[in-house]
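Residue numbers (numbering that gives the first Met the number 0): 0 to 588. Quick reminder that beta carbons are idealized off the backbone N, C-alpha and C, glycines included. Since the model is a prediction, treat every value here as computed from it, not as a measurement. Structure, as structure tokens:
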Amino acid sequence: MQVNNISTNRYLIPQTTYKKEQVANTYEQTSNEAQKTPYNPLLSKYIIKQSSQILPSSNVAAVGDMASVQNIQWQNHFKDMLKNNEANILGVVPRTMNAKDIDGNGLIQIGEESGNFINAIERLDEIKAMGINTLHILPIHPTGKTLAMGTAGSLYAPDRFIEDDGKLAVDPNLKDPNVEGSAWDHFKIFIDECHKRGISVMLDLPSCASLDFSRRHPELMAKEKDGQDKTPQGWQDIRMFRVWDDEAKRKLNPALLDMHKKYVDACVELGIDGIRADVSRAKPIEFWNVIIPYSHSVDPQFGWLAESYTYEDASPQLNMPYDRPEDQLRGGFNSYYGQFHIFNQWTKADDLFNYMRDNIDMSNRMKEPKSLIGSMTTHDDQSPMYYGGAPWVMFTTAMQSTLPMVNPYFIDGVQTGDYFLYPYDHAKSPTSQTDNDECTVHKGRLDIFNFSRKPGGDFPQIQEFIKSSLAVRNNDKYKDLIQHGSFIKLETNNPEIIAYARHKDGKTLLFVGNRNANLRTSAKINIPGFKADQKLDNLVPDYSQPSYFQKANGSMTVDLGPLRAHVFEIDTPDIEKLSKPENVMQQNF
């Protein structure tokens, strides 16, 4: 059993009971069951010495048989996946991904097993069956222990990035103690198992370092004018890097460049396909103009995702530069976060259409196509369940699965409706791996500070809906249309109804949805070339309240339940020609 230095007999839990939201649901289960393959925890000489799981002997590799690991045939194409809007991404935290919380109190304690790279393999078939083809792996480095947040330390406060031997520094807690090999070895096994299933691996690169790291490497760290450590506002446990050797002359810090080149080398050695750059604006474009081309000299298909949001006139965070996503995309990033995390604040359809127009125009100013992720919810955001329960997640899933320029993104737990409520919120623990005995939690957000339970909620219908929506997206019949087709705004007489068409080579998909989370909404939608006898077969599962449609030549009147979304294939081969030019948007490829 994995033990994380947290005592069971003195752990204090606030006596709070949370009542889960009850969501009306009329979802019909699909008949296609995901094909399950036996879990093989061994891919080489690593043998589970103690396990409560009984495994068929035919599924266990022989001692010393390394061929199955070393001869994985995998061709990285992650850069092209981001460029062509092909990535379906799930963000995961290995130390919680498949944790075994036996007593159900949310915290992993003595006698329980935290998440690690070996037990995480159990979940890969489930993830693949959802339609996910990319894992965003949040930071996996040893965490800082001084002025730490939580009893395990924040994932974004790394104690080390690279080991003395040049290998990537991997948190020893992510090693299965019952399996031979180091945490690095187990990470390699996990990556190979992802690749065997056609899943790309994108690793999160923290933008800052822990206080412990900064004390060992003063040559890499930034200082205030008074000599104090430069710290991002609101984060006591991390320190910022010194990017410039001479900012006036725009001369970069060569030691920091060298560290990041070694980081790229270490990632490629493991078989990692790309990097998500945490707070990418923390480093200037000149920095990325060196590191990203360097990565392509090592692996031409190494992909880069920038945690960048929108053009800012003023920085919202002390000591952080302004956010300039267009500059970062010009600097070599293939994709960026964008603003979908505030979709809950967009109450009108035009908020979405104006945002998509701005992004398509920005991509078309680049030498090669750029993309967004469907960042409806990331680890930094409150669970989407608070915005409208399961229907909200289904609505935004159908939308991000059919929007242009978007790679759908989900954070682990959302697929089953996790509210990310932890009963140990700010409880005191008598033992800890850090200098902090308080279980730090950001309420309603995925725990990145403690050894916590496996993410998950009580709404499995969400996962089935994601599976069905991504199946439409991955279907050869619609794939090219969704990834490369035009985006046509459809005019309505109700700003709460979102209606658009995707069109390519005479084929059209129609999205119709009610943005209102509380009330039924009706509208007339003008659909150029639409016919009154058009058959409407919803390509995504039904859920919540029923919808009603009245068809006419050139239009359709809809009456939709709260947060209802529909996707139809319609026969409108001339919809682009018949639409107003200003309503037709096209990303260049």
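Collapsing the DSSP output to three states places Ile198 in coil. Put simply, the backbone Cα of Ser113 is about 41 Å away from that of Arg329.
If you compare the alpha carbons of Met148, Lys478, Thr556 with that of Leu402, the shortest gap goes to Lys478. Annotated three-state conformation of Phe116 is helix, per DSSP. Shown here, Thr377 sits in coil according to DSSP, grouped into three states, outside any helix or strand. By the neighbour-count criterion, in which 16 or more other beta carbons inside 10 Å mark a residue as buried, Leu518 falls on the exposed side. In the three-state reduction of the DSSP assignment, Tyr335 falls in the strand class, which pools E and B.
Where Glu568 is concerned, the enclosing beta strand (DSSP E) starts and stops at 564-569.
Nearest C-alpha to Pro93 among Lys523, Asp203, Ala348: Asp203. Residues of the same chain with a CB within less than 6 Å of the CB of Asn435, apart from the 5 flanking positions on each side, are Ala147 in chain order. Listed in chain order, the non-local C-beta contacts of Trp303 below 7 Å within the same chain comprise Gly273, Ile274, Ala276, Ile291, Gly331, Phe332, Asn333, local neighbours out to five positions each way being set aside. Here Asp164 carries a coil assignment [DSSP, helix/strand/coil].
Residue environment: His378 is assigned as buried (16 or more neighbouring CB atoms within 10 Å of its CB, all protein chains considered). A check of alpha carbon separations from Thr395 across Val566, Asn172, Gln549 identifies Val566 as the nearest. A distance below 8 Å separates the beta carbons of Ile496 and Ile524.
Ser382 sits close to Phe419, with the two beta carbons spaced by under 8 Å. When secondary structure is reduced to three states using DSSP, Asp350 falls in the helix class.
With contacts defined by Cβ atoms closer than 8 Å, Gln414 and Gln462 form a contacting pair. In this model, Tyr335 and Asn587 are separated by some 17 Å (Cα to Cα). Taking every protein chain shown into account, the CB of Lys366 has fewer than 16 other CB atoms within 10 angstroms, so this residue is exposed. In the structure shown, the three-state DSSP call for Val263 is helix. The DSSP-derived three-state label of Asn513 is strand. Here DSSP, grouped into helix, strand and coil, assigns Gln544 to coil. If you check the CB distance, Val178 and Ile190 do not come in under 8 Å.
Per DSSP, Phe342 has no beta bridge partner at all.
Counting along the chain, Val405 sits inside the beta strand (DSSP E) bounded by residues 405-410. With a cut-off of 8 Å on Cβ pairs, the segment 235-254 is in contact with the segment 207-220, counting three or more such pairs. For Gly302, the enclosing beta strand (DSSP E) begins and ends at 302-305.
Under the Cβ criterion (8 Å, minimum of three pairs), the segment 446-465 counts as touching the segment 126-143.
Ala551 carries a strand assignment under DSSP once its states are collapsed to helix, strand and coil. A residue is called buried once 16 or more other Cβ atoms fall within 10 Å of its Cβ, and Arg249, having fewer, is exposed. For Lys453, the closest alpha carbon among the candidates Lys78, His76, Asn87, Leu106 is that of Leu106.
Per DSSP, the beta bridge partners of Val91 are Ile136. Just so you know, the alpha carbons of Asp245 and Ala208 end up roughly 21 Å apart.
For Arg275, the enclosing beta strand (DSSP E) begins and ends at 273-276. Annotation: Pro572 to His502 spans about 8 Å, alpha carbon to alpha carbon.
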